[in-house]
Every structure is written in C-alpha cells, then in structure tokens.
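To start, the structure itself, in structure tokens.
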Amino acid sequence: LLSLTPEPRPSLSLSPSHEVALRDRVTLQCHVAGHNGRVTLHKEGVSHPLWYRDVVRGAAEFPIPAARREDAGRYWCRYETKGGRPEESEHVELVLRDPTYPRPHISLSPGAVVTRGTGLSIRCWGLHRATFVLHREGSAAPVRRQTPG
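In the working numbering, the protein residues as written are -13 to 135.
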C-alpha cells in the first residue's frame, strides 16, 4: 500500500511583527517543507514577483532594511521545486505605522457594550486617504481592512 501525503503549504511570517514603524527593518520569511527549490515573493497589486530566493534550511528570507509607505500591503510566497507543483502561502499583511501621523479615531454604535447577536457598527476616521486596518485584541490577523476610494 502506497500512500502519498501532500506537503503542507508554505507559510509566510513577518519578523519582528506584522506591524512596524516607518523606516524600521522587517523580514518576510517563507517557511517550506522541503530543503531545496525556489521561493518567489508576491505583493497584491503587483503583477510580477518582487524577489526570488533559493530555499536554505527550509526557508527563504526577504529583508526590508528600512520600511517605506509603499512597502505596506498584502504579501504571499510561492514555493516551487523541480518537477513539483507550485504551492502558495496564505496572504499576510504588512502594516506600517507612521509616528508623524495623528492617531485615528474610533467609535462604536450603539455603544461599547452590546449583547450577543446585536448589530454593532465600528467607525474609524482620521487622516485623509489613509488605509484603516481593524484588529481584534490578541490577534495578529486583521479583522477588516478599508482602503480609501
């Protein structure tokens, strides 16, 4: 009996965090099950891969030495081996904080305390043309992302 188990999908992580300040260093790390092959890094809204790296010890790293505003966005990695089927990671979001920008405002309606099953509206506002990313406390993954336009 021969059983073929598919390799797990690659995973993309951000170090030190998914949220960094403008001009901070951040590294995107694509972790794969294999020890050879090639990884490409992709960004939403860009039609071609940003970088190519060979896998070293089950991972490929893509450093950004000084994050700029245009580095913010959703990324994913794609892992390919010779003769193998390409696999893509889930998307992760890099959020940039700019300490020179004023803090955004948030309000809850009907109020901060609601009973289960009751509708709740969350309103954020601030700097014109800013992208807002809503997070639940204790979770790195954004709950909602709102881009101007």
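Glycine included, each C-beta is placed from N, C-alpha and C at the ideal position.
In whole angstroms, what is the alpha-carbon distance linking residue i and residue j?
i, j, result
"VAL8", "GLY31", "For clarity, residue 8 is Leu in the given sequence; the question names Val instead. So the alpha carbons of these two residues sit roughly 21 Å apart."
"LEU27", "HIS4", "16 Å"
"LYS68", "GLY23", "7 Å"
"GLY20", "PRO35", "21 Å"
"SER95", "LEU106", "6 Å"
"HIS114", "LYS29", "24 Å"
"SER33", "GLU56", "15 Å"
For a quick check, are the C-beta atoms of residue i and residue j less than 8 Å apart?
i, j, result
"CYS16", "VAL25", "yes"
"HIS77", "ARG54", "no"
"ALA58", "ARG11", "no"
"GLY112", "HIS91", "yes"
"VAL99", "TYR65", "no"
If residue i sits next to residue j, beta carbons under 8 Å apart, how far is it from one beta carbon to the other, in whole angstroms?
i, j, result
"ARG130", "LEU120", "4 Å"
By the DSSP assignment, the beta strand (DSSP E) with residue i in it spans what residues?
i, result
"VAL12", "12 to 17"
"ARG162", "Residue 162 lies beyond the stretch modelled for the chain, which goes from -13 to 135, so this question has no answer here."
"GLU79", "78 to 83"
For residue i, collect the residues of the same chain with a Cβ closer than 7 Å to its Cβ; drop the 5 residues on either side in sequence, then sort them by chain order.
i, result
"SER75", "ARG(-5), PRO(-4), SER(-3), LEU(-2), CYS16, TRP62 and CYS63"
So, at 6 Å on beta carbons, what are the nonlocal neighbours of residue i in its own chain, with the 5 sequence-adjacent residues on each side left out?
i, result
"ARG39", "VAL25 and ALA46"
"THR13", "SER1, GLU47 and PRO49"
"GLU(-7)", "ALA19"
In chain order, what residues of the same chain have a beta carbon less than 8 Å from the beta carbon of residue i, not counting five sequence neighbours either side?
i, result
"THR133", "THR117"
"ARG122", "VAL129"
"PRO72", "ARG64, TYR65 and GLU66"
Report yes if the C-beta of residue i is less than 7 Å from at least one heavy atom of the ligand ADP; otherwise report no.
i, result
"ALA116", "This structure lacks the ligand ADP; in fact it carries no ligand of any kind."
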